[in-house]
Amino acid sequence: MTATPGRSEFAGLAKLPWSAQILLSGFLGVIGAFGQAPYDQPAALVIALAGAFCLWRIQADRRAAAVVGLAFGCGYFALALIWIVEPFQVDAARHGWMAPFAVGLLSLGLALFWALAFWAARFVSHATFGLVLTWTAAEIARAYVFTGFPWASPAQVAINGPLSQLLAWGGPHAATFALLLSAWVLSLTGGRILKAGQGLVFVAVLASLYSPLMRPMAELSGNWVRLIQPNAEQHLKWQPDLAEVFFQRQLALTAAPAQTADQVPDLIVWPETAIPWRLETAGPALVEIGRAGNGVSVVLGALRAKGGTLRNALAVIGPEGAPQAIYDKHHLVPFGEYMPFAGLANRLGLSALVAQAGIFSSGPGPELLDFGPLGTALPLICYEAVFAHGVNAAPARPDFLLQITNDAWFGQYAGPQQHLAQARMRAIEQGLPLMRAANTGISAMIDPAGRIISSLPLGQAGFIDAPLPRPDPATLYSRFGDVPMSVFLLVSLVLLCLRQTTVRWSYSD
108 MTATPGRSEF AGLAKLPWSA QILLSGFLGV IGAFGQAPYD QPAALVIALA GAFCLWRIQA
168 DRRAAAVVGL AFGCGYFALA LIWIVEPFQV DAARHGWMAP FAVGLLSLGL ALFWALAFWA
228 ARFVSHATFG LVLTWTAAEI ARAYVFTGFP WASPAQVAIN GPLSQLLAWG GPHAATFALL
288 LSAWVLSLTG GRILKAGQGL VFVAVLASLY SPLMRPMAEL SGNWVRLIQP NAEQHLKWQP
348 DLAEVFFQRQ LALTAAPAQT ADQVPDLIVW PETAIPWRLE TAGPALVEIG RAGNGVSVVL
408 GALRAKGGTL RNALAVIGPE GAPQAIYDKH HLVPFGEYMP FAGLANRLGL SALVAQAGIF
468 SSGPGPELLD FGPLGTALPL ICYEAVFAHG VNAAPARPDF LLQITNDAWF GQYAGPQQHL
528 AQARMRAIEQ GLPLMRAANT GISAMIDPAG RIISSLPLGQ AGFIDAPLPR PDPATLYSRF
588 GDVPMSVFLL VSLVLLCLRQ TTVRWSYSD
């Protein structure tokens, strides 16, 4: 398989051995991942994407283009998702050896979506703009196929700048399209006028990614929320002699007085799986929690059994210590909370693997919880905040988003920071405030513009009393979801195919 020279400007690049081009593509992918947290250098992704467009342009055929996309994706996801090794270090003696395979296989699996985009772009048209469309379409597919895994979306790098506000209009895929479109422009070749235009585009992109958000601060509702962060490390969390210590720590943080009389919380939120007992057997502990709340409801995460199955639940505990409402997580983590195709695996004699992959069953779907004067909330347990379309599937528009999570699984580096970035994206997309209580951090109150009003850093036990912002009016994305962007991509691809067919006919004539 060999590369073919494109325009004269790429002659030097095209002279590289094809293997060197593939290595270069993988290296560019690694560079692009520095756009993600905790590095937060989004310009690196834009430059890397522009390089990928250049490499795509000089490939001889669809298969060569696909391999370039695969290499770029493998490099990108390997660094962006390096935190995947962390869950295997909780019990390193048993599971540590799996970590490299998990990172490698996950990176390869996600990179296949990008390889398909590079292949399809060459199928649709020889014009590089086709790759902007197919790459965006691949990101939509990555969010849905096999229950989806849109983590490390290119749009995620825009969270700290004005470009993030595009999420309210078109969601994550519109922001991804904007980044890819900018990179495509920067990859074009031409005369001085084009180069001047590219300079202006690059400055505009940098401004949209790095400038502070010039938007008025959110109006506050007058209600206060206490977010509890016990900092129970995952390898210690379930040890019998320490589980009670962490429980008592959360009780003390719950009962602690507010700093001022105006900041007395109207709601208290504990993180995911905050108690070591199943909900149905935790009666005495729930009474203690209700008492510590001092008349205020406490939201917490707990495991519970229902219908012979185990569920990951969120419960609202009233002042009397009884659950007032329960929500069961419905979007489970494949291979972490359940085993895909478990029936087939059991028939193949892989029952032990199924048990290790997780034995949870999913709840019925998204639902709203009523918190009286605070309004209604859409509960999200951990991984559920990753899915823009999942949040959009709420049965009605809530007043705020409520996420509980146990990011101790993700370590103390990239994973929790990327998870927080995605929570901020959901707030912008919906025009809603989002509160999140995370076991080891980062717990935060986020306003409808995605700004962090108050937070607790990683690895620190404590609480924050944060004001609850009012919701913004319903956003365009909250009304229509991914439909407009999907229709735009479909129509554009069809038109590009028709144009390419017309060109072929004219040459044949």
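In this text, residue positions in the sequence shown follow the working numbering: the first is 108, and each later residue adds one. No residue lacks a Cβ here, since even glycine has one placed at the ideal position from N, Cα and C. Predicted, not measured: the structure shown is a model, and the values here were computed from it.
For residue i, three-class secondary structure by DSSP
i	result
Val461	Note that Val461 scores 45 on pLDDT, short of 50, meaning its location in the model is unreliable and no value can be drawn from it.
Phe467	strand
Glu514	The sequence shown places Asp at residue 514, not Glu. Helix at Asp514.
Tyr434	strand
Ile165	coil
Phe208	helix
Phe507	strand
Ala521	helix
Tyr445	strand
Leu476	strand
Gln143	coil
Ala259	coil
Ala452	Model confidence at Ala452 stands at a pLDDT of 46, short of 50, so the residue's coordinates are unreliable and nothing is read from them.
Arg170	helix
Ser126	helix
Val310	helix
His233	coil
Arg322	coil
Thr109	At Thr109, the pLDDT of 44 sits below 50, so the modelled position is not reliable; the number obtained from the coordinates is stated separately. DSSP places Thr109 in coil when its eight states are reduced to three.
Val175	helix
Pro502	coil
Gly216	helix
Gln148	coil
Gly298	coil
Leu439	coil
Selected residue, minimal CA-CA separation from residue i, among the options
i	options	result
Phe208	Leu407, Arg333 and Leu188	Leu188
Cys181	Ala121, Ala259, Pro145 and Ala314	Ala259
Arg558	His438, Leu407 and Ala528	Ala528
Pro319	Leu603, Gly268 and Gln196	Gly268
Lys413	Ile511, Pro391 and Ile466	Ile466
Thr283	Ile300, Gly298, Gly304 and Ala250	Ala250
Thr254	Gln341, Gly497 and Leu597	Gly497
Gln564	Trp204, Ile549, Asn401 and Asn330	Residue identity differs from the one stated: residue 564 is Pro in this sequence, not Gln. Ranking Trp204, Ile549, Asn401 and Asn330 by Cα distance to Pro564 puts Ile549 first.
Leu327	Val175, Val601 and Leu541	Leu541
Ile154	Phe256, Val264, Thr367 and Leu343	Val264
Val590	Ala281, Gly203 and Ala200	Ala281
Leu583	Val312, Gly216 and Leu274	Leu274
Ile488	Ala248, Leu481, Ser469 and Gly566	Ser469
Ala484	Phe494, Thr367, Ala495 and Asp506	Asp506
Val394	Gln431, Trp226, Leu417 and Thr416	Gln431
Lys436	Asn419, Ala262 and Asp579	Asn419
Residue i: first and last residue of the uninterrupted beta strand (DSSP E) it sits in
i	result
Pro574	Gly569 to Pro576
Gly408	Val405 to Lys413
Ile189	Neither: Ile189 is in no beta strand (DSSP E) and is coded neither H nor E.
Ala275	From DSSP, Ala275 is part of no beta strand (DSSP E) but of the alpha helix (DSSP H) over Leu274 to Ser294.
Contact set for residue i: own chain, Cβ-Cβ below 7 angstroms, skip 5 residues either direction
i	result
Phe117	Cys161, Arg164 and Ile165
Leu288	Val239
Ala245	Phe220, Trp221, Leu223 and Ala224
Ala544	Leu334, Ile335, Gln336, Val376, Trp377, Pro378, Ile511 and Ser550
Ala140	Tyr183, Leu186 and Ala187
Ile382	Phe354, Ala389, Ala392, Leu407 and Ala409
Gly158	Leu135
Ile266	Ala528, Arg531, Met532 and Gly557
Gly566	Asn338, Gln519, Thr547 and Gly548
Ser214	Cys181, Phe184, Ala185 and Leu188
Residue i - containing alpha helix (DSSP H), residue span
i	result
Asn419	Run containing Asn419: none in the alpha helix (DSSP H); it sits in the beta strand (DSSP E), Thr416 to Ile424.
Ile488	Segment Thr483 to Ile488 is the beta strand (DSSP E) holding Ile488; no alpha helix (DSSP H) there.
Phe117	Note, Phe117: premise wrong, no alpha helix (DSSP H); not H, not E.
Arg201	Ala199 to His202
Gly497	Ala495 to Asn499
Contacting residues, own chain, Cβ-Cβ under 6 angstroms from residue i (five flanking each side not counted)
i	result
Gln102	Summary: the structure shown does not reach residue 102, with the chain confined to residues 108 through 616, and so no result is reported for it.
Pro473	Ala500 and Ala501
Ala178	Ile129, Ser132 and Gly133
Val66	Lying outside 108 to 616, the shown extent of the chain, residue 66 is not represented and no answer is given.
Trp242	Ala224 and Leu287
Ser562	Ile549 and Ala551
Ala173	Ala222, Phe225 and Trp226
Ser585	Gln537
Asn330	Asp373, Leu481 and Leu575
Residues near residue i by beta carbon distance below 8 angstroms, same chain, minus five either side
i	result
Gly397	Val405, Ile424, Gly425, Pro426, Glu427, Gly428 and Ala429
Any non-hydrogen atom of the ligand ZN closer than 7 angstroms to residue i Cβ
i	result
Ser318	Looking for the ligand ZN in the displayed structure turns up nothing, as the structure carries no ligands at all.
Task: Segments of 3+ residues assigned as beta strand (DSSP E) that fall wholly inside the segment 541 to 606 - done: 541 to 545, 550 to 553, 559 to 563 and 569 to 576
- [ ] Please specify which runs of the alpha helix (DSSP H), each continuous and at least 4 residues long, are wholly inside the segment 326 to 400, giving them in chain order.
- [x] 341 to 344, 347 to 362 and 390 to 399
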